[in-house]
Amino acid sequence: MAITVECQKRPEGSKPKALRRSGEIPANLYGHKGTESISLTINAKTVERLLKRASVNNTLIDLNITDVPWRGKALIRELQVHPAKGTPYHLSFFAVAGHGDTNVEVRLRYVGEPVGVKQEGGVLDTVVTELQVSCAPENIPEFIEIDVSNLKIGDNLHISDISFPDGVTPLAESERVLVSVLPPQINAAAEEESEAAV
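Quick note: the sequence shown uses full-length UniProt numbering, first residue 1, plus one each step.
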């Protein structure tokens with residue numbers, strides 16, 4: 001489900017610091033008309049609410065620029081945060097309608113308890129937690145679920161082992177390892193103690 005966000009065109013000559021002091025966050029929209037971009041402002045509270053529900057390069061947003069007027073589907077392409085305060089201070093949006101497939105980051109959700117962990121004492125090593133895929137904007141999955149129940153110690157799951165939703169294509173190499181089960185971790189301290197006791 002798309003999230004609706006309203007914003008305005010940034011006034012000519014306005015200073016980003018002054019905008020932030022007044023409770024507005026500067027932003028830009030790209031891709032709506034070739035290489036042209038629109039400078040925008042969004043209410044800081046709106047941005048706060050948006051970032052609780054949306055993530056960069058993943059969540060489809062229904063962007064409404066009230067005074068241009070322009071309305072369309074967009075992704076957050078970049079989020080800049082204040083280095084000390086950690087608060088957002090600039091957003092970049094990319095309009096996706098009419099651009100065909102787009103590249104997005106999708107979370108991987110690992111489900112099940114591997115045999116190698118449950119019965120053999122191994123350790124699940126999730127190498128990749130997000131994956132870049134290509135798909136149509138309306139087909140962006142919230143996450144991709146991967147069942148790890150059958151993995152034994154020494155087993156790996158590669159991209160080529162995963163069933164992706166229709167219309168979703170991974171952009172990494174098919175042999176890339178996503179998750180594996182490692183042998184049990186030996187406690188080095190306990191090992192030293194047993195050697196000292198001999």
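Where is the CB? At the ideal position from N, CA and C, for every residue including glycine.
Across which residues does DSSP place residue i in a beta bridge pair?
i: A97; result: Beta-bridge pairing links A97 to no other residue.
i: A75; result: Checking the displayed sequence, the identity of residue 75 turns out to be Leu instead of Ala. DSSP lists F94 as partners of L75.
i: I61; result: I3 and A74
i: S134; result: N103 and T169
i: N28; result: S39 and S92
i: V81; result: P88
For residue i, which three-state DSSP category applies?
i: V181; result: strand
i: R21; result: helix
i: G116; result: helix
i: E175; result: coil
i: I3; result: strand
i: T126; result: strand
i: S39; result: strand
i: R10; result: coil
i: V168; result: coil
i: A190; result: Its pLDDT being 48, under 50, A190 is placed unreliably by the model, and the measurement read from it follows with that caveat. Correct three-state label for A190: helix.
i: V68; result: coil
i: P16; result: helix
i: N139; result: helix
i: I153; result: coil
When you compare each of the options to residue i by their alpha carbons, which one comes out closest?
i: residue 218; options: E130, G121, L40 and S14; result: Absent from the structure is residue 218, since the part of the chain shown begins at 1 and ends at 198.
i: E78; options: N28, K85, E12 and V96; result: N28
i: F164; options: S180, S149 and E142; result: E142
i: E173; options: I146, L157, G116 and V96; result: L157
i: R49; options: R21, E175, L108 and T87; result: T87
i: E145; options: F94, Y110 and Q132; result: Y110
i: F93; options: V47, T129 and P184; result: V47
i: G72; options: V96, A84 and L51; result: V96
Please tell me whether, using a cut-off of 8 Å, the distance from the CB of residue i to the nearest non-hydrogen atom of the ligand ZN is below it.
i: T59; result: The ligand ZN is not among the ligands present in this structure, which contains no ligands whatsoever.
Can you give me the start and stop residues for the alpha helix (DSSP H) that residue i sits inside?
i: V56; result: Neither: V56 is in no alpha helix (DSSP H) and is coded neither H nor E.
On the DSSP letters alone, give me the boundaries of the beta strand (DSSP E) that residue i sits inside.
i: I144; result: F143 to D147
i: V104; result: T102 to V111
i: L157; result: N156 to H158
- Message: Measuring CB atoms only, is the region 100–109 touching the region 132–142, in the sense that at least three cross pairs come out at less than 8 Å?
- Response: Yes: the two stretches touch, three or more of their Cβ pairs being nearer than 8 Å.
- Query: Is the region 145–156 touching the region 118–130 in the sense that three or more CB pairs, one from each, lie closer than 8 Å?
  - Reply: Verdict: yes, contact present.
- Are the region 12–24 and the region 41–54 touching, with three or more C-beta to C-beta distances below 8 Å? Between the region 12–24 and the region 41–54 there are three or more inter-stretch CB-CB distances shorter than 8 Å, so the stretches are counted as touching.
- Message: If contact is defined by three or more beta carbon pairs under 8 Å, each pair taking one atom from either stretch, is the region 42–57 in contact with the region 70–86?
- Response: Output reads yes: the region 42–57 touches the region 70–86.
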